[in-house]
Amino acid sequence: MKKINILLLAAFLLSACTKEKNPNIVIILADDLGYGDPQVYNSESKIPTPNIDGLAAEGMRFTDAHTPSSVCTPTRYGLLTGRYAWRTELKKSVLWMWDKPLIEKDRLTFPKMLKAKDYSTACIGKWHLGWRWPSNAADGYMNDTIPIGNYGLKGRNKLWKKIDFNKTLGGGPLEAGFDYYFGDDVPNFAPYTFFENNKLTKIPDLIKPNDMYGGPGPMSEGWKLENVMPEITKRAVKYIEEKTQSDKPFFLYFALTAPHTPIAPTDEFKGKSEAGLYGDFVHEVDWSVGQIIKALKQSGQFENTLIVFTSDNGSPQRDGTNMGGQIASVKKYGHDPSRPWKGMKADIWEGGHRVPFITSWPGKIVANTVNNQLVCLTDIISSVASILEIPRDKDAMEDSRDISPTLFQNNTPIREDLIHHSGDGTFAIRKGDWKLIEGVNAGGFSKGLKIEGIPVETKGQLYNINNDPSEGNNLYAKNKKKVQELSQLLNKYKNADRSSYE
């Protein structure tokens, strides 16, 4: 009897030791990286991107991946919640300096979901989803009653005078479910200092000089815009190294601040591309991606890590003059960050929301594969839930589809349709090869620019993306049946509380 018990115990221990550990999950979200910036997506790119290209060679590259919005804040909301941000009070644009959180307190988020599987979770880099700023006049937060997303709010640039920066901040990544946060919130917004968890690492004691890029407001002494990318990369690498010592799997949401303005590559990267300072900053993004891959490989975690690399929207195509530059100015170098698509960041056209999207998981995702399925960044959360066998919350992830089968060579189409949203709140819907846009403009930065293929002035735009990827042949007036079909579907999703019925 004892012998049998010992054998059973040995079998149990062997089973426990050989049980497959849940994968680590690393999401690297570039900021304003265009579809045509990495060379693996654009053979005519003027920017060396060996690490991004190498990740694609080791995994799966998607060609029809889209952000839920063509601007920053709503995409980040969608990625972390699986819900379109236009269902919140933010109907267009982004959060501005001193705005309160966009993610609702009771909203299921990526890190909250992963608690069911005992993950350690961290957000490192850009947040741009709002904070509750403590009042210096009383208890509570000074921005609780300020409407969000109001760029023209009178007195906004002086709101910082009502804040006590020594107090603990509310909202932020910890309230959204992360165990740890380090970053600079938004690189071109005050306060110009690093955040760690729900405190500032250094209290701002200066006012940002007028000749330094970014909005006005307080800054900590010694703040250098060029130091942001190297510092958050160092912190992300450190996090991976530390979590390697733990038995728990980890989730790292690494939200880069580049190549968004301020375009501030360090001296190490200047002159390394043929696309000016913008190209150099994209090259620094590639270096940062390489540092994460290197850390995972050196720690022995690469084989058991699901990596997703993507961008929050398209590129505004600035050349980096004075850390910014005019939109579309980088094209003077013969480099098109949106190639082969029309438009750019904030636009409803493809260049605004079609982005690089690469996944890697050695032994699970077949290396060097190309996937042409329609996907959205809102789909990542449902896909991870499926992979980890986490029961889906029917009251959450309202606009998220489980695309995990397509990661593992199941070519059955999963997402039939997808809603696009521009910086100014313009809607579009994609179904199969067809795309219907409400309105006749770009809905973003391209408005007023001279672009070939501007549609004929009608009530809207209808394109067959397969036959007309440049969105130059507007079929709105010629195919009323398709317009009616897509209009009805778009209105259905807009009026409902969800677009996913899985």
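Mapping of the sequence shown onto the working numbering: residues 81 to 582, in sequence order. From the three backbone atoms N, C-alpha and C, an ideal C-beta is built for every residue, glycine too.
{"Asked": "Sequence-distant residues of the same chain with beta carbon closer than 8 Å to residue 404, five excluded per side", "Found": "293, 341, 342, 343, 398"}
{"Asked": "Cβ neighbour criterion (16 or more within 10 Å) applied to residue 360", "Found": "buried"}
{"Asked": "Residues near residue 383 in its chain [Cβ-Cβ closer than 7 Å; skip 5 each side]", "Found": "442, 443"}
{"Asked": "Those residues which DSSP pairs with residue 275 across a bridge", "Found": "263, 280"}
{"Asked": "4 or more residues per run - each alpha helix (DSSP H) lying fully within the segment 226 to 266", "Found": "252 to 255"}
{"Asked": "At least three beta-carbon pairs within less than 8 Å, the segment 501 to 516 to the segment 421 to 441", "Found": "yes"}
{"Asked": "Residue 336 beta carbon less than 8 Å from that of residue 400", "Found": "no"}
{"Asked": "Residues that residue 311 bridges to, as DSSP identifies them", "Found": "Partner(s): none; residue 311 has no beta bridge."}
{"Asked": "Sub-8 Å separation of residue 491 and residue 147 beta-carbons", "Found": "no"}
{"Asked": "Residue 331 in three-state terms, based on DSSP", "Found": "strand"}
{"Asked": "Sub-8 Å separation of residue 114 and residue 179 beta-carbons", "Found": "no"}
{"Asked": "Length-filtered (4 minimum) alpha helix (DSSP H) runs lying within the segment 458 to 511", "Found": "459 to 467, 484 to 487"}
{"Asked": "Contact check, residue 577 vs residue 469, beta carbons under 8 Å", "Found": "no"}
{"Asked": "Helix, strand or coil at residue 406 according to DSSP, with G and I counted as helix", "Found": "coil"}
{"Asked": "Cβ-based burial, residue 325 [other Cβ within 10 Å; buried from 16]", "Found": "exposed"}
{"Asked": "Cutoff 7 Å; reference residue 505; Cβ partners in own chain excluding five residues on either side", "Found": "171, 172"}
{"Asked": "Residue from 198, 375, 390 whose Cα sits closest to the Cα of residue 327", "Found": "198"}
{"Asked": "Identity of the residue in 286, 273, 299 nearest residue 308 by Cα", "Found": "273"}
{"Asked": "Completely contained alpha helix (DSSP H) runs for the segment 125 to 187, where each covers 4 or more residues", "Found": "130 to 138, 152 to 161"}
{"Asked": "Three-state secondary structure (DSSP) of residue 517", "Found": "strand"}
{"Asked": "Cα-Cα separation between residue 549 and residue 564, rounded to whole angstroms", "Found": "22 Å"}
{"Asked": "Whole-angstrom C-beta distance between residue 439 and residue 387, which should lie under 8 Å", "Found": "7 Å"}
{"Asked": "Residue 346 vs residue 310 beta-carbon contact at 8 Å", "Found": "yes"}
{"Asked": "Beta-carbon contacts of residue 569 that lie in its chain and below 8 Å, excluding the five residues immediately before and after", "Found": "497, 509, 511"}
{"Asked": "Unbroken beta strand (DSSP E) run spanning residue 389, endpoints", "Found": "385 to 391"}
{"Asked": "Beta bridge counterpart(s) of residue 424 as assigned by DSSP", "Found": "Its beta-bridge partners do not exist; DSSP assigns none."}
{"Asked": "Cβ shell of residue 87 (< 6 Å), same chain only, five flanking positions each side left out", "Found": "For residue 87, the pLDDT reaches just 42, beneath the cut-off of 50, and the residue's location in the model is therefore unreliable, although a value from the coordinates is still provided. Closer than 6 Å at the Cβ level, and outside the excluded window around residue 87, lies no residue."}
{"Asked": "First and last residue of the uninterrupted alpha helix (DSSP H) at residue 375", "Found": "356 to 378"}
{"Asked": "Spatial distance of residue 104 from residue 448 (CA atoms)", "Found": "21 Å"}
{"Asked": "The segment 406 to 417 in contact with the segment 457 to 471 per 3-pair CB rule at 8 Å", "Found": "no"}
{"Asked": "Cβ pair residue 529, residue 542 closer than 8 Å", "Found": "no"}
{"Asked": "Extent of the continuous beta strand (DSSP E) run through residue 573", "Found": "Note, residue 573: premise wrong, no beta strand (DSSP E); alpha helix (DSSP H) at 560 to 575."}
{"Asked": "Contacting residues, own chain, Cβ-Cβ under 6 Å from residue 483 (five flanking each side not counted)", "Found": "455, 459, 463, 494"}
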